[in-house]
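Number of protein chains: 2
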Amino acid sequence: MQSILENIAKHVALTPQEQELFLSKTETKPFKAKTILLSAGEVATCTYFVNSGILRSFNINDNIIEHVLHFACEGWWIGDMYSYISGKPGNLFLEVLEDAEVVIITKENQQQLYQEIPKLERFFRILAENSLVSHQERLMDNLSLTAEERFEKFCSKYPTLIQKVPQKHIASYIGVTPEFFSKMKARLLKK
Amino acid sequence: MQSILENIAKHVALTPQEQELFLSKTETKPFKAKTILLSAGEVATCTYFVNSGILRSFNINDNIIEHVLHFACEGWWIGDMYSYISGKPGNLFLEVLEDAEVVIITKENQQQLYQEIPKLERFFRILAENSLVSHQERLMDNLSLTAEERFEKFCSKYPTLIQKVPQKHIASYIGVTPEFFSKMKARLLKK
DNA sequence: AAGGGCACTTAACCTAGATTAAGAAATTAT
DNA sequence: ATAATTTCTTAATCTAGGTTAAGTGCCCTT
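Protein chains in written order, with my numbering: chain A, 1 to 191; chain B, 1 to 191.
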């Protein structure tokens with residue numbers, strides 16, 4: 001299991017004291033599958049780091065159709081960035097897909113940490129930049145690739161997720177209906 | 001015209017000396033429309049801030065179809081974040097659409113600035129976070145809205161751009177062909 | 001001022017993926 | 001175990017948006 005400190009150490013070096021301070025501002029909790037950590041309409045007051053298990057963020061259209069924004073498994077960060085930084089009610093739900101242990105950082109604590117350990121500004125800058133790059137790529141993929149190509153890309157990028165999460169969520173992530181996804185999968189298997 | 005210093009001042013306060021230092025690490029240049037500042041396959045060594053005029057970033061599929069990632073006009077930042085942070089050849093072109101004045105920061109200079117003015121880590125963190133949020137929103141819009149709804153959203157978000165940039169680029173940005181865009185526009189005008 | 005590209009429009013036809021519906025398989029709960 | 005609920009599959013039908021093609025108008029350039 002990759003710890004949150006190892007995750008930070010990938011980009012900035014914290015002293016033992018800083019590490020301790022950092023951990024003191026976090027809270028680690030277990031959650032059962034199906035738990036909703038955050039609902040649309042609420043203000044996101046925390047950011048989440050996944051120690052183990054799987055989470056997803058998604059929104060709901062017209063009270064019917066879900067769209068998966070993100071999956072997060074071991075070693076990933078997840079949250080509702082819009083609500084978190086704006087302080088306004090968000091559109092995202094955050095759900096546990098597989099029993100998970102999650103490190104929680106409140107916005108208050110994160111602000112304090114920025115004051116006390118300025119290096120963390122760099123860390124979260126790099127995190128945001130990397131996330132931005134992958135969103136840009138996904139956006140361009142959605143504009144230029146077919147559903148089949150997006151699925152293949154998803155498989156090579158997140159090979160472990162395919163076995164673990166219901167395929168309707170993967171369909172939603174790549175932007176097709178579950179029915180079409182099923183048809184497409186059958187077609188690919190014949191090849 | 002909004003200066004780059006005012007843009008920074010929105011999020012962090014620099015002292016006069018810091019402001020001077022910052023400007024000394026930048027270069028401001030005029031560019032004629034149609035100039036290509038960066039091509040796919042090149043490594044992006046700079047980030048760009050637009051003083052005036054309009055730029056766009058886009059990629060090209062199979063040597064044929066362009067997809068617009070971004071427009072940038074007065075007061076916006078633009079570049080190829082993937083190539084810039086990875087140091088690898090990128091997929092994006094950066095083109096001037098309307099005669100422009102652009103502030104250029106090289107990666108080297110930006111790294112030095114991070115050392116000398118740590119507050120800039122915060123500024124660029126906030127910049128990346130905001131950009132991330134708008135990419136997430138655009139991604140979800142592409143998954144859940146019709147072309148017509150995306151167009152309406154584009155109009156209310158970037159009212160000035162509609163008059164100024166060729167509509168085929170706007171079609172590309174919202175993710176439809178120029179022909180369909182034209183048809184859709186005619187349909188909307190009838191209402 | 002003339003001509004050569006672009007940018008835009010229109011229209012006929014086409015297709016990837018959506019929708020609807022019904023049944024089968026797999027999980028979950030009791 | 002068994003019932004209940006979800007998830008997945010299959011198939012028929014439909015549509016938003018793509019493709020192809022032809023024509024119009026409008027900047028640019030010289």
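Beta carbons are placed, not taken as given, at the ideal position from N, Cα and C, and that holds for glycine.
Note that the structure is a prediction, hence the values are computed from the model and not measured.
Say whether chain A places a C-beta atom closer than 8 Å to the C-beta of residue i.
i      : result
B/R56  : no
B/N142 : yes
B/A171 : no
B/V165 : no
B/Q110 : no
B/P178 : no
B/P118 : yes
B/F124 : yes
B/L188 : no
With a threshold of 16 other CB atoms inside 10 Å of the CB of residue i, please say whether the residue is buried or exposed.
i      : result
A/N61  : exposed
A/C155 : exposed
A/E121 : buried
A/R125 : buried
B/R187 : exposed
A/Q163 : exposed
A/L5   : exposed
A/T177 : exposed
A/A72  : buried
A/T47  : buried
A/I123 : Position check: residue 123 of chain A holds Phe in this sequence, whereas Ile was assumed. Buried, because 16 or more other Cβ atoms sit within 10 Å of the Cβ of A/F123.
B/S57  : buried
B/F180 : exposed
B/N91  : buried
B/I36  : exposed
B/E116 : exposed
B/A128 : buried
A/Q111 : exposed
B/Q167 : exposed
B/I105 : buried
B/A13  : exposed
A/G87  : exposed
Is there a Cβ from chain B that is less than 8 Å from the Cβ of residue i?
i      : result
A/M184 : no
A/L69  : yes
A/E121 : yes
A/Y113 : According to the sequence displayed, residue 113 of chain A carries Leu and not Tyr. By this cut-off, A/L113 is not an interface position.
A/E129 : yes
A/G175 : yes
So residue i and residue j are in contact, right, with Cβ under 8 Å, and what is the actual spacing, rounded?
i      : j      : result
A/W76  : A/V50  : 5 Å
B/V103 : B/T15  : That belief does not hold up - the Cβ atoms of B/V103 and B/T15 are roughly 20 Å apart, past 8 Å.
B/E42  : B/P89  : 6 Å
A/A33  : A/E98  : 6 Å
A/S52  : A/E101 : 5 Å
A/L94  : A/L38  : 4 Å
A/I85  : B/V133 : 7 Å
A/L139 : B/L139 : 5 Å
A/T45  : A/K107 : 5 Å
B/M81  : A/Q17  : With a Cβ gap of about 33 Å, B/M81 and A/Q17 do not count as contacting.
On the DSSP bridge assignment, give the partners of residue i in chain order.
i     : result
B/H67 : B/N59
A/L94 : A/L38, A/S57
A/C73 : A/I54
B/F49 : B/W77, B/V103
A/V43 : A/P89
B/F31 : B/A100
Quick one, which residues of the region 34–67 of chain A are near chain B if we go by CB-CB under 8 Å, in chain order?
N59, N61, I65, H67
(Q) Tell me which residues of the region 4–24 of chain A have at least one Cβ-Cβ distance to chain B shorter than 9 Å, keeping chain order. (A) none
**Asked** For the region 141–162 of chain B, which residues have a CB atom closer than 9 Å to at least one CB atom of chain A, in sequence order?
**Response** N142, L143, S144, L145
Using a Cβ-Cβ cut-off of less than 7 Å, list which residues of the region 85–103 of chain B approach chain A; keep chain order.
I85
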